[in-house]
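There are 2 protein chains.
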Amino acid sequence: MTASKTRFLEIATREDPFVLHNGERIGPVTIAYETWGELNEKRDNAVLLFHALTGSHHAAGYDEVGPGGDLWEKSQHLGWWDEFIGPGKALDTDRFFVVCCNYLGACYGSTGPASTNPETGKPYGRSFPYPTVSDIVDTQIRVLDHLGIDRLLATTGGSVGGLCVMDLAVRYPDRVRTVIPIASGLRATVLAKALNFEQIFAIAEDASFRGGDYYGTGEEPWRGLALARMISHKTFISLDVLERRARDVIIQPTDVLSGYLLEHTVESYLLHQGKKFTRRFDANAYLRIINAWQAFDLPRDLAGGDAVAALSPCKDQEWIVFSISTDGCFFTREQEEIVEALKANDVACQYVTMHSDKGHDAFLLEPALFTPHIYFALRKAAGAI
Amino acid sequence: MTASKTRFLEIATREDPFVLHNGERIGPVTIAYETWGELNEKRDNAVLLFHALTGSHHAAGYDEVGPGGDLWEKSQHLGWWDEFIGPGKALDTDRFFVVCCNYLGACYGSTGPASTNPETGKPYGRSFPYPTVSDIVDTQIRVLDHLGIDRLLATTGGSVGGLCVMDLAVRYPDRVRTVIPIASGLRATVLAKALNFEQIFAIAEDASFRGGDYYGTGEEPWRGLALARMISHKTFISLDVLERRARDVIIQPTDVLSGYLLEHTVESYLLHQGKKFTRRFDANAYLRIINAWQAFDLPRDLAGGDAVAALSPCKDQEWIVFSISTDGCFFTREQEEIVEALKANDVACQYVTMHSDKGHDAFLLEPALFTPHIYFALRKAAGAI
């Protein structure tokens, strides 16, 4: 366990705003981040970690202060990758300097839809832009600039975090040496697009959503947000896990679902997951981040749909691509596509499938699976092996 | 194409109500049905066809009169299995008498949540019972009694219709000779339970649903119903089909989704499917039928979870079990389970997998695949081969 502390960096001001890839401008922009370990004198031992869809910059340790705000207070205080970050762990803080930033548009301290719009003095709500994965990565490049890190030893992250990993690797090829996407893919597949759209619709059509301008109304679109979480949750865990967990659930009377009687433990388990999530996440922020995923398509955006050409800037990097055998969110054939495109470019690449019965979430739940490869790769990259 | 005409049978009255398996009583109960072909003198050439989740009794021909009501008027008038029913077709009306009934609780003419509750003089709405698959089957047994059909030559149906087929075969083993479930399963799997619950939640938590008492309010929970359709639709067609269809879609400006800009053809395609569905179906009826599926578990209800014991009454029947290779709704391992339980009971059984790129809906879209087996099996059962 490592002590940690959230830091805030203003990467853009109202006068000198951040320009998104679609031309929209926003300022001021603050990015919340945390670091673990020490940056060495050469500034060449840094690892940038990207969080997943609903994660935060608080990846390890118990947060002692927190960035403030209700959502943060109600969320778990132990970092989401605590078992991966620390002395002797996958990201060994005795040797490496680990950085993790909260996404632009999120709700854990970085500027997002609940932040004050300087034009109105009120929360942005509906008027907050929809950042792309590239916009999110660009805000974090500003943090690296501030920290004086020209070239990362490595970047890693799972799921939506892996999208950021690959976007950075392709658009800033000279700024990273080792690239480690975990359980991710080059684009939102048709199934992901369908599932994401169901979630977007659930939130946007909740009567309390009011187009995103629900702050201060006393109501929140929690029904839509809970449903979105239920829709996504089943893709994060294996169905065997869902069935096992549901078996231990006692069906609780519920304050929702008037006119429908909850009769199945699977229903009660999912409803519990959905409602629990709404206590720690904001609907507008969720829409922003899921939209970044929805719009993500590296081959389309960078090379007219050609995956090999899209990854051609990566020739001097080393990649480790991780699959999870039971992944129902980013399927193994998606990682195979990454590896094929890397090989066609002669990029140094290892492809590793972790066999787990835990589904997509294995990248959060099973540090023992991933630690050896990451630990070894980082030491080798640093010249220590 | 066969001309057809909806008939109505009152199977229970207010004074002598229909008793559901949970003890609830409802009366009067009317069942809407259609028939094709002629019942022979021995009354042994009848085939009972069960419709799927959102189907109707109007399985073939153009309906000339219709049962009345807005939903029916707006729905397609050509029967959903028209290419399967008629002279020389799978269900050959030159030789067989085909019957199809609308489910209890549905919205195409049988008594359902929009029917008048005689206690109040108003539509049932919230107070309409939740029938099980067995309740639905029992209402149709009353129709067979009325028609003087003691023993069916065969019963068939796809998807949720297949659940009814198997429930009838197991609980009324002497009333059917040939049993043909298509793309179905012995129970709602954990994935089906999750997907069904998402849909139930979407409807029940729509602000316009009002616990089911939305008739006469001028509002309908169409947002929830459209979302439910989107969630289920992706399981009915293969993802390749979804991707191909979406490619031909032009993104339309939309009157919904304030605060979110539709940017992807997959989104536009799904939204179109969802909205189109709300013009032909009632939310309360949808909840009733999806709940029957959600609660369906033949091995649990009849034999403490033992699939072999559950199918033991079927020894004198002949079964044909159909799988669809790309089915993403009822998976082939579910049909394998049926077949294994039949074989353990020495039930005469053929197991046939149809290779299709169309997914679950192949049982509606590809008559050429299913016709030879069904055509041959019925003639053989009738002693004509």
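If you read the sequences in order, they're chains F and Y. Residue numbers are given in my numbering: position 129 of the first sequence equals residue 129, and the series is strictly consecutive. Here my numbering runs 1000 ahead of the position in the second sequence, where the first position is 1. Beta carbons: idealized from backbone N, C-alpha and C, even for Gly. Model, not experiment: these values are computed from the prediction.
How many Å lie between residue i and residue j at the Cα?
i	j	result
V249 of chain F	G1079 of chain Y	43 Å
K193 of chain F	E1267 of chain Y	7 Å
L144 of chain F	R151 of chain F	9 Å
H1373 of chain Y	D1213 of chain Y	46 Å
G1162 of chain Y	T1155 of chain Y	9 Å
T1111 of chain Y	I1289 of chain Y	13 Å
A1325 of chain Y	R333 of chain F	The sequence as given places Ser at residue 1325 of chain Y; Ala does not occur at that position. S1325 of chain Y and R333 of chain F: Cα-Cα distance of roughly 19 Å.
H58 of chain F	R171 of chain F	26 Å
R43 of chain F	E340 of chain F	33 Å
C107 of chain F	M1230 of chain Y	28 Å
K1089 of chain Y	G1061 of chain Y	13 Å
F1322 of chain Y	A1362 of chain Y	11 Å
P28 of chain F	E10 of chain F	7 Å
W293 of chain F	T1116 of chain Y	48 Å
A393 of chain F	F1209 of chain Y	Given that chain F is displayed from residue 1 to residue 385, the structure contains no residue 393 of chain F and the question cannot be resolved.
H264 of chain F	H1355 of chain Y	34 Å
A1381 of chain Y	E1366 of chain Y	23 Å
S1056 of chain Y	H1077 of chain Y	11 Å
V1176 of chain Y	F1296 of chain Y	21 Å
A1207 of chain Y	R245 of chain F	30 Å
G158 of chain F	F370 of chain F	11 Å
R1279 of chain Y	H1272 of chain Y	11 Å
L1342 of chain Y	K1315 of chain Y	8 Å
T1132 of chain Y	A348 of chain F	58 Å
V1241 of chain Y	D1346 of chain Y	38 Å
Quick one: is residue i buried, meaning 16 or more other Cβ sit within 10 Å of its Cβ, or exposed?
i	result
P1123 of chain Y	buried
K1005 of chain Y	exposed
A1003 of chain Y	Summary for A1003 of chain Y: the model assigns pLDDT 49, below 50, so the residue's position carries little reliability; its value from the coordinates is reported in the next sentence. Per the 10 Å Cβ criterion, exposed.
Q1335 of chain Y	buried
N1022 of chain Y	exposed
D138 of chain F	buried
I180 of chain F	buried
T1434 of chain Y	The structure shown does not extend to residue 1434 of chain Y, since chain Y is modelled only from 1001 to 1385, so the question has no answer here.
Q1317 of chain Y	buried
P1221 of chain Y	buried
A384 of chain F	exposed
A1368 of chain Y	exposed
E83 of chain F	buried
F376 of chain F	exposed
G148 of chain F	exposed
G305 of chain F	exposed
D357 of chain F	exposed
How about residue i and residue j: do their beta carbons lie closer than 9 Å?
i	j	result
Y130 of chain F	G105 of chain F	yes
R126 of chain F	N291 of chain F	no
F330 of chain F	A204 of chain F	no
A1032 of chain Y	R1007 of chain Y	yes
L1186 of chain Y	M1166 of chain Y	yes
L20 of chain F	C100 of chain F	no
T1035 of chain Y	F1128 of chain Y	no
K234 of chain F	L1227 of chain Y	no
T120 of chain F	G37 of chain F	no
S1359 of chain Y	S1238 of chain Y	For the record, residue 1359 of chain Y in the displayed sequence is Gly; it is not Ser. Yes, the Cβ-Cβ distance between G1359 of chain Y and S1238 of chain Y is below 9 Å.
A1114 of chain Y	D1301 of chain Y	no
E1243 of chain Y	E198 of chain F	no
With which residues is residue i paired in a DSSP beta bridge?
i	result
R1007 of chain Y	Y:Y1033
I85 of chain F	F:L91
F50 of chain F	F:G157
T116 of chain F	F:P123
M1354 of chain Y	Y:I1324
V1099 of chain Y	Y:T1035 and Y:L1048
V1176 of chain Y	Y:L1152
D297 of chain F	F:R187
L1078 of chain Y	Y:Y1062
Less than 8 Å between the CB of residue i and some heavy atom of the ligand GTP, yes or no?
i	result
A52 of chain F	Questions concerning the ligand GTP fall outside what the structure shown contains, since it holds no ligand whatsoever.
query: For the region 1279–1306 of chain Y, which residues have a CB atom closer than 7 Å to at least one CB atom of chain F, in sequence order?
result: L1287, Q1294 and A1295
field: Residues of the region 1114–1125 of chain Y whose Cβ lies closer than 9 Å to any Cβ of chain F, in chain order
entry: G1125
query: Looking at chain Y, which residues of the region 193–219 of chain F have a Cβ within less than 9 Å of any of its Cβ atoms?
result: K193, A194, L195, N196, F197, E198, I200, F201, A202, I203, A204, E205, D206, A207, S208, F209, R210, G211, G212 and D213
task: Identify each residue in the region 1216–1245 of chain Y for which the Cβ-Cβ distance to at least one residue of chain F is less than 7 Å, and report them in chain order.
output: R1223, L1227, M1230, I1231, K1234, L1239, L1242 and E1243
- prompt: Looking at chain Y, which residues of the region 257–270 of chain F have a Cβ within less than 8 Å of any of its Cβ atoms?
  reply: L257, S258, G259, Y260, L261, E263, H264, V266, E267 and L270
task: Quick one: which residues of the region 1034–1052 of chain Y get their C-beta closer than 9 Å to a C-beta of chain F? List them in chain order.
output: none
message: Which residues of the region 1178–1194 of chain Y have a Cβ closer than 7 Å to any Cβ of chain F? Give them in chain order.
response: V1190, L1191, K1193 and A1194
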